[in-house]
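Each remark here refers to the structure printed beneath this line.
Protein chains: 4
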Amino acid sequence: MHEKLAGVFAPIPTPFNADGSLALDKLADNIRIWETMELDGYVALGSNGEFPMLTADEKIAVLDTCRKAMTSDRLLIAGTGCESLAQSIDLTKRAADVGADTTLVITPHYYKNRAGDATQINYFNAVADASPMPIMIYNMPGYTGVIMSTAAVLEAAQHDNIIGMKESTTNVVKMAEIVIGNAPNFTLLTGSASGFLPCLSIGVAGTISAFANFAPERVQAVKRAFDSGDMATAMKLQHNLIEPNKAVTAKYGVAGVKAMMETRGLYGGPVRDPYPQLTAAEREDLMAIAKKYELI
Amino acid sequence: MHEKLAGVFAPIPTPFNADGSLALDKLADNIRIWETMELDGYVALGSNGEFPMLTADEKIAVLDTCRKAMTSDRLLIAGTGCESLAQSIDLTKRAADVGADTTLVITPHYYKNRAGDATQINYFNAVADASPMPIMIYNMPGYTGVIMSTAAVLEAAQHDNIIGMKESTTNVVKMAEIVIGNAPNFTLLTGSASGFLPCLSIGVAGTISAFANFAPERVQAVKRAFDSGDMATAMKLQHNLIEPNKAVTAKYGVAGVKAMMETRGLYGGPVRDPYPQLTAAEREDLMAIAKKYELI
Amino acid sequence: MHEKLAGVFAPIPTPFNADGSLALDKLADNIRIWETMELDGYVALGSNGEFPMLTADEKIAVLDTCRKAMTSDRLLIAGTGCESLAQSIDLTKRAADVGADTTLVITPHYYKNRAGDATQINYFNAVADASPMPIMIYNMPGYTGVIMSTAAVLEAAQHDNIIGMKESTTNVVKMAEIVIGNAPNFTLLTGSASGFLPCLSIGVAGTISAFANFAPERVQAVKRAFDSGDMATAMKLQHNLIEPNKAVTAKYGVAGVKAMMETRGLYGGPVRDPYPQLTAAEREDLMAIAKKYELI
Amino acid sequence: MHEKLAGVFAPIPTPFNADGSLALDKLADNIRIWETMELDGYVALGSNGEFPMLTADEKIAVLDTCRKAMTSDRLLIAGTGCESLAQSIDLTKRAADVGADTTLVITPHYYKNRAGDATQINYFNAVADASPMPIMIYNMPGYTGVIMSTAAVLEAAQHDNIIGMKESTTNVVKMAEIVIGNAPNFTLLTGSASGFLPCLSIGVAGTISAFANFAPERVQAVKRAFDSGDMATAMKLQHNLIEPNKAVTAKYGVAGVKAMMETRGLYGGPVRDPYPQLTAAEREDLMAIAKKYELI
Chain A
1 MHEKLAGVFA
11 PIPTPFNADG
21 SLALDKLADN
31 IRIWETMELD
41 GYVALGSNGE
51 FPMLTADEKI
61 AVLDTCRKAM
71 TSDRLLIAGT
81 GCESLAQSID
91 LTKRAADVGA
101 DTTLVITPHY
111 YKNRAGDATQ
121 INYFNAVADA
131 SPMPIMIYNM
141 PGYTGVIMST
151 AAVLEAAQHD
161 NIIGMKESTT
171 NVVKMAEIVI
181 GNAPNFTLLT
191 GSASGFLPCL
201 SIGVAGTISA
211 FANFAPERVQ
221 AVKRAFDSGD
231 MATAMKLQHN
241 LIEPNKAVTA
251 KYGVAGVKAM
261 METRGLYGGP
271 VRDPYPQLTA
281 AEREDLMAIA
291 KKYELI
Chain B
297 MHEKLAGVFA
307 PIPTPFNADG
317 SLALDKLADN
327 IRIWETMELD
337 GYVALGSNGE
347 FPMLTADEKI
357 AVLDTCRKAM
367 TSDRLLIAGT
377 GCESLAQSID
387 LTKRAADVGA
397 DTTLVITPHY
407 YKNRAGDATQ
417 INYFNAVADA
427 SPMPIMIYNM
437 PGYTGVIMST
447 AAVLEAAQHD
457 NIIGMKESTT
467 NVVKMAEIVI
477 GNAPNFTLLT
487 GSASGFLPCL
497 SIGVAGTISA
507 FANFAPERVQ
517 AVKRAFDSGD
527 MATAMKLQHN
537 LIEPNKAVTA
547 KYGVAGVKAM
557 METRGLYGGP
567 VRDPYPQLTA
577 AEREDLMAIA
587 KKYELI
Chain C
593 MHEKLAGVFA
603 PIPTPFNADG
613 SLALDKLADN
623 IRIWETMELD
633 GYVALGSNGE
643 FPMLTADEKI
653 AVLDTCRKAM
663 TSDRLLIAGT
673 GCESLAQSID
683 LTKRAADVGA
693 DTTLVITPHY
703 YKNRAGDATQ
713 INYFNAVADA
723 SPMPIMIYNM
733 PGYTGVIMST
743 AAVLEAAQHD
753 NIIGMKESTT
763 NVVKMAEIVI
773 GNAPNFTLLT
783 GSASGFLPCL
793 SIGVAGTISA
803 FANFAPERVQ
813 AVKRAFDSGD
823 MATAMKLQHN
833 LIEPNKAVTA
843 KYGVAGVKAM
853 METRGLYGGP
863 VRDPYPQLTA
873 AEREDLMAIA
883 KKYELI
Chain D
889 MHEKLAGVFA
899 PIPTPFNADG
909 SLALDKLADN
919 IRIWETMELD
929 GYVALGSNGE
939 FPMLTADEKI
949 AVLDTCRKAM
959 TSDRLLIAGT
969 GCESLAQSID
979 LTKRAADVGA
989 DTTLVITPHY
999 YKNRAGDATQ
1009 INYFNAVADA
1019 SPMPIMIYNM
1029 PGYTGVIMST
1039 AAVLEAAQHD
1049 NIIGMKESTT
1059 NVVKMAEIVI
1069 GNAPNFTLLT
1079 GSASGFLPCL
1089 SIGVAGTISA
1099 FANFAPERVQ
1109 AVKRAFDSGD
1119 MATAMKLQHN
1129 LIEPNKAVTA
1139 KYGVAGVKAM
1149 METRGLYGGP
1159 VRDPYPQLTA
1169 AEREDLMAIA
1179 KKYELI
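Residue numbers (the numbering used here), protein chains in the order written: chain A, 1 to 296; chain B, 297 to 592; chain C, 593 to 888; chain D, 889 to 1184.
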């Protein structure tokens, strides 16, 4: 699976109807459109997928819909991490049953004073032992407040069934340390489109980034230029990702991603309450940025 | 209800069997013991109740068990906050149906860049509008990474159905600001036994603290001395809470609380995986501290 | 000296002329006015004294002026901490030569990764060994980014020549731990007028607070009510300190203190560049707060 | 000067004798050795130069010694920032008098609540107006606790006499934003050898890094490989910088740099008290790392 992980993945949003209910038909439509775009696969039920806002049954319905709508052999990566180990294992098994290829498991994080490296290693080993499919680590300190250290990642990476990681910071030094750590069968992906080229420059294999939901070709272009050794082009392309990417991450979050998706014919729709929708002014600001970078 | 909130509440742990399953019989037994102790009520499904580790159905079973086992007219406060507004409202209604008196609703916190004061105010107003019982705000930055500001708290406090708050920091200045803010029908409780007397000194009404699960009389004694104007005694009693309280909060967390409960004939049992149980050495350390303060 | 430390101290600002030069005549005038106010002593060259903005010679001139203008036997406490141990010792000796009674020595803090507890303990012991007068520790994480732990404070407190500490956070639990630590000849003062009563409630002896520069009687009144056991009055007085105190600390800093001093006939004048003076709007806001609390 | 800034600079340590006094003769000797190494210039009186531990006169003596010992036309960059604007300007003028080419001015940072972007912009403009030589901004949040924002940097960069910046974080996204901001005559250098290649990949011009004090050829090799388009080699070289570089920055700081310098025939000597010297075990650990990477 490692060759297939070295690419650009869309952490797809979960579509909701105006009343907040799950819009599975819209999700299937979106998948069909994404299948025509330059993507290497999908992460469903990540942070962009609003996983904390969904019930377990809703999560499985999302995965089932994705798999059935997919026509390619691209990877379907499922977010199945819960605070409880038992719930994480249960959801991982159900995700495998409906066709997920691998899973991105977020670090447990509520009880921060008890969520250190030893807890993380034990947890990931236990999920990996029980999982019918290989698993990946999802390190997302910006939302969890927990940092899984380089040493802990490298220890977990020794498990045969733990095959990779999404690192959502732009800590390039930590990423380099993981790349050069003794973990040959462990693939590192970055969560940041804004820092994609710097990550590539020290050996990161690919990215799972919000930007890939609505402009994957822009992200792929950075990788292609880098792979071909054309650093001048890669740098220029990278520079053009930064401002629009910040708008759909730090600034407007999932609501911004959904608004940008609509510019590509994808269904966006609302985020779930209580997180705020874009105001008219925010949408206008976002569209001005998109226009500046010729995204629309 | 406000008079009844001015007291000492136990944020009761949820008991599990050795295999991690819910031990409702043990919970009922515990309640019967707590009913004989000097307590003003119970908070079920708070952080000490391991709420992030439970399914919605498990949560309702916990509340139902508590209410049925209770024989007093003490307050039963339910933790019903979820990331999703719809889930929070649904759980709050179900909690009221099984007999909760009020609810402690944690601030939404996963999407930190979109969880500012405006989001919090809208959220609490929406829960309060829909709730059949009065609600309370649960501010717990140590675990959530989100701080609801004084101004936001005071704005939410204008809602008739938002009657109070548990502030889990020891920020005495913020607490004083809330006390003197224009919110006459809003009761402030502290989450910290270690800082209880300082909180009382600026007008906080009571406390919901882990310590009250196994030694409520020690916490009540601080309040009684304070209320009677005997500050010298209050100070001495307060000083003796600090070291053992830190052991069951910052140091050992819920696993420590459960171990201490066993010294009082209550059922403790394991915490849910992946959070760690106490090692033998940790248990020994905890018991040494308990002995030093004549808790055992 | 310990009885004399249990009081209210003004961390006096250093006056500058419009061109930024030291205004020693104004300082002498201010001292004469403060001598008529309800104060237990002065801290010169603390954070409110803009010590990082002064040369060593200017610092000695400030101390010399204070001592010569003082007519009472109140304490003169000098801020003499520098990053370099040798400079700290040199300045401490010179301060003693011009009549300082004791010194408040800030924790070294620039090289944060090398400024842990061991460094702090060694440093304070070395200053105490060399100092002709007793010394005090100045812990100010808000400005230094370094926290000297409770354990480190209590270890340093074993030195005969280390007699106390100013803790500038409102961490009441830490302060209680120091109070009950095994350090009988060590006096703890709080830097926060906003949290003065909570600090008193767990055994803090007094305060060095910006507010005491222009309204010491308000701060003394809290202590007097507390000492007499009238907690209701103490609480009411404490509540009235919070908003105006925040205005002259977190909000406007030394520039705010200097503006408030002018309302009492003291010389305020500018702060040193590059830190900003109050704008007209900020001054107006400050005066409105002062009026609301009948400080003017 | 901009072409000359696009290189690798050593932030040279200040040598002290065993008694802590300035060892200017050793400094001159060191300069003569560095002049034979692959370096583009020197930063004296930066963080590695222990600038907070020196008096103003000592600082000028250091600069004077450097200039007189230098035989090349490499750049001599002087750290001249103080908290006080007047002191910063005075020191900058004196530095120019003894032959500094430009100056690296640290952000004022003690009064953090008054040290926001407006303060920084005013400060740097004022220093630049008064300085007889061009100046550079030194952003070092790890030690100062203050972050000068991208917007503030780009505004300051409009001043004709503000020609560049050392950014000491590894925030590659911020650095990219500065590179693409509208500031054509502004050169960005990174302070991190560990993240040098990622920084180069988005347009950073060079580096001022501790590592260059004892192995500049290793740092230059990364840049040369990058400049020649040989990314595979650049990546491999970069990977080998990380572990030893962390040892002389986060882990052992200036004491570590001085120990490593001794392996190249340079004088290291002690750091100034109270910051700790290396213990025997720490030195052994450092040398083991150096050996692993064939630095010794």
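Built from N, CA and C at the ideal position, the CB exists for glycine as well.
A quick note: this is a predicted structure, and the numbers were derived from the prediction, not measured.
Interface criterion not met: the Cβ of residue 533 of chain B is under 8 angstroms from no Cβ in chain C. Shown here, residue 60 of chain A sits in a helix according to DSSP, grouped into three states. Just measuring C-alpha positions, the residue of D:1047, D:1088, D:1038 and D:1171 sitting nearest residue 172 of chain A is D:1088.
Per DSSP, residue 757 of chain C lies in no alpha helix (DSSP H); the unbroken beta strand (DSSP E) holding it starts and ends at 754-759.
With a beta-carbon spacing of about 11 angstroms, residue 782 of chain C and residue 771 of chain C fall beyond the 8 angstroms limit used to define contacts. With fewer than 16 other Cβ atoms inside 10 Å of its own Cβ, residue 913 of chain D counts as exposed. When C-alpha distances from residue 319 of chain B are compared across B:516, B:359 and B:297, the shortest belongs to B:359.
In this structure, residue 633 of chain C places its C-beta atom within 8 angstroms of the C-beta atom of residue 666 of chain C. Within chain A, the residues placing a beta-carbon under 8 angstroms from that of residue 1059 of chain D are 170, ordered along the chain. Under the Cβ criterion of 8 angstroms, residue 1030 of chain D is counted among the residues facing chain C. Residue pairing for residue 714 of chain C: DSSP places it in no beta bridge. Per DSSP, the beta-bridge partners of residue 502 of chain B are B:485. Two segments are said to touch when three or more pairs of C-beta atoms, one from each, lie closer than 8 angstroms; by this definition the stretch 432-451 of chain B does not touch the stretch 734-741 of chain C.
Contact between residue 631 of chain C and residue 808 of chain C holds, since their C-beta atoms are separated by about 5 angstroms, short of 8 angstroms. The three-state reading of DSSP puts residue 374 of chain B in strand, counting E and B together. Under the 8 angstroms criterion on CB atoms, residue 1053 of chain D is classed as non-interfacial with respect to chain A.
Apart from sequence neighbours up to five positions away, the residues of its chain that approach residue 96 of chain A with a beta-carbon distance below 6 angstroms are 132 and 133, ordered along the chain.
In chain order, 250 and 253 make up the part of chain A whose C-beta sits under 7 angstroms from the C-beta of residue 409 of chain B.
When the beta-carbon positions are compared, residue 1135 of chain D and residue 1085 of chain D stay at least 8 angstroms from each other. Taking 8 angstroms as the cut-off, the Cβ atoms of residue 1070 of chain D and residue 1042 of chain D count as close. DSSP lists C:604 and C:670 as the bridge partner or partners of residue 636 of chain C. Counting only the Cα atoms, residue 646 of chain C lies some 22 angstroms from residue 991 of chain D. When DSSP states are grouped into helix, strand and coil, residue 138 of chain A belongs to the strand group. Between residue 957 of chain D and residue 919 of chain D, the C-beta gap is smaller than 8 angstroms, which places the two residues in contact.
Residues of the stretch 668-681 of chain C with a C-beta atom less than 8 angstroms from some C-beta of chain D are 675, 676, 677, 678 and 679, listed in chain order. For the 8 angstroms CB-CB criterion, residue 77 of chain A and residue 57 of chain A do not form a contact. When C-beta distances to chain C are compared with 7 angstroms, the residues of the stretch 469-498 of chain B below that value are 469, 472, 473, 476, 490, 491, 493, 494, 497 and 498, in chain order. Here residue 772 of chain C carries a helix assignment [DSSP, helix/strand/coil].
Residues of the stretch 47-71 of chain A with a Cβ closer than 7 angstroms to any Cβ of chain D: none.
For residue 625 of chain C, there is no enclosing beta strand (DSSP E); the residue is part of the alpha helix (DSSP H) that begins and ends at 616-626.
When Cβ-Cβ separations below 8 angstroms define contact, residue 307 of chain B makes no contact with chain A. Sequence-ordered contacts of the stretch 807-827 of chain C with chain B read 821, 823 and 827 [C-beta pairs closer than 7 angstroms].
With a threshold of 8 angstroms between beta carbons, residue 1096 of chain D makes no contact with chain A. Burial of residue 489 of chain B is indicated by the presence of at least 16 other C-beta atoms within 10 angstroms of its C-beta. Between residue 1162 of chain D and chain C, the shortest Cβ-Cβ separation is below 8 angstroms.
Counted as a single uninterrupted DSSP element, the alpha helix (DSSP H) harbouring residue 811 of chain C occupies residues 808-819.
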